[in-house]
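Q:
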Amino acid sequence: MKEKVNVTGVPETMVQTLYARAKETRKKNAKINDEIAEELVKNLDYDFSKADKDKAMNYGVIARTIVLDRMVEQYLEKNTNTIVINIACGLDTRCYRMKGKYLHWYNIDLPETMKIRRQFLPETGPIYQIAKSAMDDSYVDDIDYHCENVLVIIEGLTMYLCEKDIRKMFFIIEKSFQEVTVMVETMSPFVVNHVKEKSIEGSNAKFTWGVKNGTELQRIVPGFSVQQEVSLVEGMKKLMPIYHVIGKIQIVRNISNKIIVLEKRGRY
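Under the UniProt record's numbering, the residues of the sequence shown are numbered 1 to 268, in order.
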């Protein structure tokens, strides 16, 4: 019996991204392996026809998964006993792909989203669920933190926020943890202004915020310093070899989403 999901607006994007990962996993020469996504899609009563047609969204999701999986894995291998905080987790399954590499993993999202996640992924320690907004500083109270190293992942969220929310979210992270690294996905202002996501056009999720690069982001969140910027072109190269060529073109790199790595200042 398939389970129906009723989601609109930004939470609807989580079903679309889940589908993109499941679809890629089913391919013969799949570039990612997300069997849990595949399993969940089988059990969902949802019309995926729009997501099927939205090639740009599909490629973007897979490119992002390739890049972030690699970055998170490398980070966790270097930094043992890390607490991972996955903000706006939706139906993300990275916590399973990284199993055994972290101390605790906290998936955080809005209550209506977490209600759906719990329906399909009833998680228990070392994976925990927190049904709160990333702009609600009380989420930190639900984290078992004793000055361990913290990695925060913010994927597929900032483009739906406004600058005030971005500042608030980073301020909470900055004041709550001593040693913290943030991997955040950002979109270029050009894409925010000129591109619509076909798969969720009917819903009220709209791109609202973008930033050109890490330098610009650092001005908004001065408590952090930028360590690295990785363009999702790197993931696209795995999906479409032509990106080894067009990925060198500056404008392509500029308008691609990026993963910006920031560290809280004042680490010794």
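We treat Cβ as the ideally placed atom computed from N, Cα and C, and that holds for glycine.
The structure displayed is predicted, hence computed values, not measured ones.
Can you round the beta-carbon distance between E73 and M98 to whole angstroms, since I take them to be within the 8 Å contact cut?
A: The Cβ separation is near 6 Å, so the contact holds.
Q: Can you tell me whether R267 is buried or exposed? The criterion is at least 16 other CB atoms within 10 Å of its CB, across all chains shown.
A: Because the pLDDT of R267 is 49, which lies under 50, any placement of that residue in the model is unreliable, and the number read from its coordinates should be weighed accordingly. Classification for R267: exposed.
Q: Using DSSP bridges, identify the partner residues of T186.
A: Beta-bridge pairing links T186 to K258.
Q: Is there a Cβ from chain B that is less than 9 Å from the Cβ of V67?
A: Among the protein chains of the structure shown there is no chain B, as only one such chain exists.
Q: Between the C-alpha atoms of L68 and I259, what's the straight-line distance to the nearest angstrom?
A: Spanning the two alpha carbons is a distance of roughly 8 Å.
Q: Grouping DSSP H, G and I as helix and E and B as strand, with all else coil, what is Q178?
A: Correct three-state label for Q178: coil.
Q: For A131, which three-state DSSP category applies?
A: Correct three-state label for A131: strand.
Q: Can you give me the C-alpha to C-alpha distance between V152 and D52, rounded to a whole angstrom?
A: For V152 and D52, the distance between alpha carbons rounds to 30 Å.
Q: Once DSSP output is grouped into helix, strand and coil, what is the label at R146?
A: Just to set this straight, residue 146 is His in the shown sequence, not Arg. Correct three-state label for H146: coil.
Q: When the Cα of E39 is compared with those of Q250, L121, M183, which residue comes out closest?
A: Per the Cα distances, L121.
Q: With 16 other CB atoms within 10 Å as the buried threshold, where does D144 fall?
A: Exposed is the call here.
Q: Counting beta carbon pairs with one atom in the segment 204 to 213 and one in the segment 178 to 196, are three or more of them shorter than 8 Å?
A: Touching, yes, given that three or more Cβ pairs across the two stretches are closer than 8 Å.
Q: Output the distance between the C-alpha atoms of G156 and D34, rounded to the nearest integer angstrom.
A: Rounded to the nearest angstrom, the two C-alpha atoms are 18 Å apart.
Q: Using a Cβ distance threshold of 8 Å, determine whether the segment 13 to 29 contacts the segment 51 to 65, with at least three qualifying pairs required.
A: The segment 13 to 29 vs the segment 51 to 65: in contact.
Q: Where do the ends of the alpha helix (DSSP H) carrying F120 lie?
A: Note, F120: alpha helix (DSSP H), 111 to 120.
Q: Could you give the first and the last residue of the continuous alpha helix (DSSP H) run that contains S49?
A: Per DSSP, S49 belongs to the alpha helix (DSSP H) from 49 to 53.
Q: Taking just the CA atoms, how far does K31 sit from M135?
A: The alpha-carbon atoms of M135 and K31 are separated by roughly 34 Å.
Q: What do you get for D54, buried or exposed, if any count of 16 or more other CB atoms within 10 angstroms of its CB means buried?
A: Buried, since its Cβ has 16 or more Cβ neighbours within 10 Å.
Q: Measuring CB to CB, does Q16 end up less than 9 Å from K42?
A: Cβ atoms of Q16 and K42: not closer than 9 Å.
Q: Can you tell me the Cα-Cα spacing of G110 and V245, whole angstroms?
A: The sequence given here places Leu at residue 110; Gly does not occur at that position. Rounded to the nearest angstrom, the two C-alpha atoms are 40 Å apart.
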